[in-house]
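Line order of the protein sequences matches chains A and B. Residue 6 in my numbering sits at position 6 of the first sequence; the count goes up by one each step and never skips. Whatever position you read off the second sequence (first residue = 1), add 1000 for my numbering. We put the CB at the ideal spot given by N, CA and C, even for glycine. These notes concern the structure reproduced below.
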Amino acid sequence: MRTSLVEIAQIENWLLKRGNPQGRLLTEAKILCSPDLKEKVHLQSASYEAIHQYGREKLFQEIRAVEYRLFHSSKHRSFQNRIRAIFKH
Amino acid sequence: MTRVDELSARSRSESITEWYVKVFPPLAAYIQRRGGSLEEAKETFQEAIVLYYEKLALSGFSPEKTNEAYLLGLAKKRWFRYCARNRGREGISHIDIAEEKEREPIPRKLLHYLEQSGKKCLDVLQAFYYENLTMEQLAGRFGFKSARSATVQKYKCLEKVREQVKRKAMCYEDFLS
């Protein structure tokens, strides 16, 4: 793996508390000494947030697709009748 | 009912369908009795599924009660929270509605930009970090030769996304500060 990817992996281990503790301690020392590395940590952390949100949005889309099928497909008529009966009152 | 080790083995849609069939009817009845509509019940359940999925996939959570009971409880809490926000707090002050910390959402425009400039990479990354797939599963889904090559691709994608976030950092100082 090229050097920049190794560095990404080290930052990941430090941010997500993975890998061996000694390696994380070394990364932490490097971060403290390097403003450049500190910025990379910050950006990588923001990237994880973006990935999480992207994953969440994909899941929402999948849930809505399942919901649509359940409420509109003739295969799920008994489910639809059950729900309709609840909201009839 | 689905547990964390089964989540990756079967399709996510199958699990979601099973959750709907088993848990949505009692939740809908519960919400209807409290004056809620079908649309409100649907929205509440969607949010509960997301929270439940994240607990199973990301933290290896395994409920003490049955999974159905846990998901139903989670959905009821979401309903209380919805009521507190939209209908005033009367009658629910005794219930602890702060069951989970909300994440600060990233700006939609930034996410859209990341999607435009590399959807494949985002798909790879979310499969690993959000769905919690193993490297072998990642290789299988995206056609990488091996787990090792999936690892390298994952880091390359992360580097790319980080670069894009950096490029847009000036526009989204609030989010990135």
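**Q.** Span of the alpha helix (DSSP H) around Met1135(B)
**A.** Where Met1135(B) is concerned, the enclosing alpha helix (DSSP H) stretches over Met1135 to Phe1142.
Q | Same chain only: Cβ atoms within 6 Å of Arg69(A), ignoring 5 sequence neighbours per side | A | Sequence-distant partners of Arg69(A) (beyond 5 residues in either direction) whose C-beta falls short of 6 Å from its own C-beta are missing from its chain.
Q) Can you list, in chain order, the residues of its chain whose CB lies under 7 Å from that of Leu1074(B), leaving out five sequence neighbours each side? A) If we look at Leu1074(B) and ignore the five residues flanking it on each side, its Cβ neighbours are Ala1048, Leu1051 and Tyr1052.
Q: Select from Arg1085(B), Val1023(B) and Gln1032(B) the residue whose C-alpha is nearest the C-alpha of Asn1067(B).
A: That would be Val1023(B), whose Cα lies nearest to the Cα of Asn1067(B).
Q.
For Met1001(B), would you say it is in contact with chain A, using Cβ-to-Cβ distances shorter than 7 Å as the test?
A. Model confidence at Met1001(B) stands at a pLDDT of 47, short of 50, so the residue's coordinates are unreliable; what they give is reported in the following sentence. Not one chain A Cβ lies under 7 Å of Met1001(B).
Q.
Can you pull the chain A neighbours of Ala1029(B), defined as C-beta to C-beta under 8 Å?
A. Ile86, listed in chain order.
Q. Between Val6(A) and His52(A), what straight-line distance do the alpha-carbon atoms span, to the nearest angstrom?
A. Cα to Cα, Val6(A) sits roughly 22 Å from His52(A).
Q | Where Ala9(A) sits in the DSSP three-state scheme | A | Helix, per DSSP.
Q.
Please state the DSSP three-state secondary structure of Ala1084(B).
A. Residue state for Ala1084(B) is assigned as helix, using DSSP reduced to three classes.
Q) When you compare only the Cα positions, how much space is there between Val1161(B) and Ile63(A)? A) The C-alpha of Val1161(B) lies about 26 Å from the C-alpha of Ile63(A).
(Q) Rounded to whole angstroms, what is the Cα-Cα separation between Ala1147(B) and Leu1158(B)? (A) Their Cα atoms are separated by approximately 16 Å.
Q | Residue from Gln1126(B), Thr1151(B), Cys1121(B) and Thr1017(B) whose Cα sits closest to the Cα of Gln1164(B) | A | The residue with the shortest Cα to Cα distance from Gln1164(B) is Cys1121(B).
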